[in-house]
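Accompanying notes for the structure given below.
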Amino acid sequence: MATVELRFSALPEHVRTARLVAAAVARRAGVDESVLDEVRLAVGEACSRAVGLHRRHQLDEPVRVKLIEQEKRFVIEIGDGVGGKHAADQYHPVDGAAAVDDAAEAAMGLAVISGLVDDLEIGSDEDGGLIRMSWPVAVHPVLP
Amino acid sequence: MDLSLSTRTVGDRTVVEVGGEIDVYTAPKLREQLVELVNEGHYHLIVDMEGVDFLDSTGLGVLVGGLKRVRAHEGSLRLVCNQERILKIFRITGLTKVFPIHGSVDEAVAATD
């Protein structure tokens, strides 16, 4: 199981909580201090994207965040409930212009993640879409 | 931490001082502020980001939207930022080519296109 697992309602106000938790767990796992800003930003982007997807598809399911300590890497997975499960034709935007803005913001979010994270996989699992990112950890992690 | 916004006028420029975190939750407040300023006829904006602790792509989107609005009135939107972690986000998205970024409000006020 994940070291720390988080599920939150797809609301923008909870994205900050996810960022803070991810950065705290990453720090404790031994992720270098200089990279923590990147972790915070990448998690924020991935969670914002997931929140946007859930809202556009009117899903009540929570956004899933898994923080996994491995021997040499710190892995973060952010799962949405959309992925391949909901076909594009089920998408009913309320207003065309807003949909274009949303799509542009989602694309910008992915651009930021791609620019920040060297080890990045964008795929899906049985629950929906999944963004998997990882960072190296120091040999001697910070003790509690 | 929430977003703080304050505006002041310096010559023909309007300075928007932003503090705190600009993310998916708080960015709509910044968007409202920029839209309101443009609607009131303030077309030369300087967004002072020295007090910003966090900026994500939603925030970038709002700034690009603001730029689009002032440009429609032949205006300008300049940024003030010295923080490396914020500048990095502008660099990786290529937006350093889109926004004039200055080291101080004085420099931004003095700048001309």
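These protein sequence lines map, in sequence, to chains A and B. Residue numbers are given in numbering that gives the first Met the number 0: position 78 of the first sequence equals residue 77, and the series is strictly consecutive. Residue numbers are given in numbering that gives the first Met the number 0: position 83 of the second sequence equals residue 82, and the series is strictly consecutive. Where is the CB? At the ideal position from N, CA and C, for every residue including glycine.
| Interface residues of chain A around residue 84(B) at Cβ under 7 Å? | Counting from 1 along the second sequence, the entry for residue 84(B) is found at position 85. By Cβ distance, chain A contributes 36.
| Quick one: complete beta strand (DSSP E) runs, 3+ long, within the region 53-94 of chain B? | 75-79
| query | Taking Cβ to Cβ, would you say residue 71(A) is nearer than 8 Å to residue 136(A)? | reply | Counting from 1 along the first sequence, the entry for residue 71(A) is found at position 72. Counting from 1 along the first sequence, the entry for residue 136(A) is found at position 137. Here residue 71(A) is near residue 136(A), since their CB atoms are less than 8 Å apart.
| said: Taking 8 Å as the threshold (beta carbon to beta carbon), is residue 30(A) in contact with chain B? | reply: Start at 1 with the first residue of the first sequence, and residue 30(A) comes out as number 31. Taking Cβ atoms only, chain B never reaches closer than 8 Å to residue 30(A), which makes this a no.
| Nonlocal neighbours in the same chain, by C-beta distance under 8 Å from residue 4(A), ignoring five residues either side | For this step, residue 4(A) is matched to residue 5 along the first sequence. Only 63, 64, 65, 66 meet the Cβ criterion.
| query | In or out: residue 57(A) buried (at least 16 other Cβ within 10 Å) or exposed? | reply | Position 58 of the first sequence, counted from the first residue, corresponds to residue 57(A). Residue 57(A) should be labelled exposed.
| field | Beta-carbon contacts of residue 133(A) that lie in its chain and below 6 Å, excluding the five residues immediately before and after | value | On the first sequence, residue 133(A) is found 134 positions in, with the first residue counted as 1. Answer for residue 133(A): 72, 74, 118, listed in chain order.
| request: Report the option in 115(A), 24(A), 109(A) whose CA atom is closest to the CA atom of residue 46(A). | output: Indexing the first sequence from 1 puts residue 46(A) at position 47. Ranking 115(A), 24(A), 109(A) by Cα distance to residue 46(A) puts 109(A) first.
| request: Could you tell me the distance, in whole angstroms, from the CA atom of residue 33(B) to the CA atom of residue 45(B)? | output: Taking the first residue of the second sequence as 1, we reach residue 33(B) at position 34. Taking the first residue of the second sequence as 1, we reach residue 45(B) at position 46. Approximately 10 Å between the Cα atoms of the pair.
| Mind checking if residue 54(A) is an interface residue toward chain B, Cβ cutoff 8 Å exclusive? | Start at 1 with the first residue of the first sequence, and residue 54(A) comes out as number 55. No, because no Cβ of chain B sits closer than 8 Å to the Cβ of residue 54(A).
| said: Assuming contact is defined by CB atoms lying nearer than 8 Å, are residue 39(A) and residue 21(A) in contact in what I supplied? | reply: As a working note, residue 39(A) is residue 40 in the first sequence. As a working note, residue 21(A) is residue 22 in the first sequence. Yes, these two residues count as a Cβ contact at 8 Å.
| request: Just grab the DSSP bridge partners of residue 15(B) for me. | output: Translated into positions along the second sequence, residue 15(B) becomes position 16. Residue 15(B) is bridged to 6(B), 46(B).
| For the ligand HEM, is there a heavy atom less than 7 Å away from the beta-carbon of residue 90(B)? | Summarising the ligand content, the structure contains no ligands, and the ligand HEM is consequently not present.
| field | Beta-carbon gap between residue 60(A) and residue 43(A) smaller than 8 Å | value | As a position in the first sequence, residue 60(A) is number 61, starting the count at 1. As a position in the first sequence, residue 43(A) is number 44, starting the count at 1. No, Cβ-Cβ distance for residue 60(A) and residue 43(A) is not below 8 Å.
| message | Let me see if you follow: with CB-CB separation under 8 Å, is residue 80(A) close to chain B or not? | response | Walking along the first sequence from the start, residue 80(A) turns up at place 81. Output row for residue 80(A): interface = no.
| Can the beta-carbon of residue 20(B) be found closer than 8 Å to that of residue 4(B)? | Along the second sequence, read from residue 1 onward, the residue named residue 20(B) stands at position 21. Along the second sequence, read from residue 1 onward, the residue named residue 4(B) stands at position 5. Residue 4(B) is positioned such that its CB atom lies no closer than 8 Å to that of residue 20(B).
| If the cut is a Cβ gap below 7 Å, which residues of chain A does residue 57(B) touch? | On the second sequence, residue 57(B) is found 58 positions in, with the first residue counted as 1. By Cβ distance, chain A contributes 47, 104.
| said: By alpha-carbon positions, which one of 50(B), 103(B), 111(B), 26(B) ends up nearest to residue 65(B)? | reply: Along the second sequence, read from residue 1 onward, the residue named residue 65(B) stands at position 66. The shortest C-alpha separation from residue 65(B) is found at 26(B).
| CB-CB length for residue 55(B) against residue 22(B), believed under 8 Å | Stepping through the second sequence from its first residue, residue 55(B) is reached at position 56. Stepping through the second sequence from its first residue, residue 22(B) is reached at position 23. Approximately 5 Å separates the beta-carbon atoms of residue 55(B) and residue 22(B); this is inside 8 Å, confirming the contact.
| request: Determine which residues share a DSSP beta bridge with residue 135(A) and list them. | output: For the purposes of this step, residue 135(A) is taken as the residue at position 136 of the first sequence. Residue 135(A) has 72(A) as its beta-bridge partners, per DSSP.
| field | Own chain residues within Cβ distance below 6 Å of residue 89(B), not counting five before or after | value | Residue numbering aside, residue 89(B) sits at position 90 when the second sequence is read from its first letter. Around residue 89(B): 95.
| When 115(A), 25(A), 35(A), 129(A) are compared against residue 78(A), the one with the closest alpha-carbon | Position 79 of the first sequence, counting from 1, holds the residue named residue 78(A). Nearest C-alpha to residue 78(A): 129(A).
| Taking C-beta to C-beta, are residue 77(B) and residue 109(B) nearer than 8 Å? | Taking the first residue of the second sequence as position 1, residue 77(B) is located at position 78. Taking the first residue of the second sequence as position 1, residue 109(B) is located at position 110. In this structure, residue 77(B) keeps its C-beta atom at 8 Å or more from the C-beta atom of residue 109(B).
| Assuming residue 24(A) contacts residue 50(A) under a Cβ cut-off of 8 Å, what Cβ separation, rounded to an integer in Å, is found between them? | For the purposes of this step, residue 24(A) is taken as the residue at position 25 of the first sequence. For the purposes of this step, residue 50(A) is taken as the residue at position 51 of the first sequence. About 20 Å; that fails the 8 Å criterion.
| Cα-Cα separation, residue 1(A) to residue 59(B) | By one-based count along the first sequence, residue 1(A) stands at place 2. By one-based count along the second sequence, residue 59(B) stands at place 60. Their Cα atoms are separated by approximately 32 Å.
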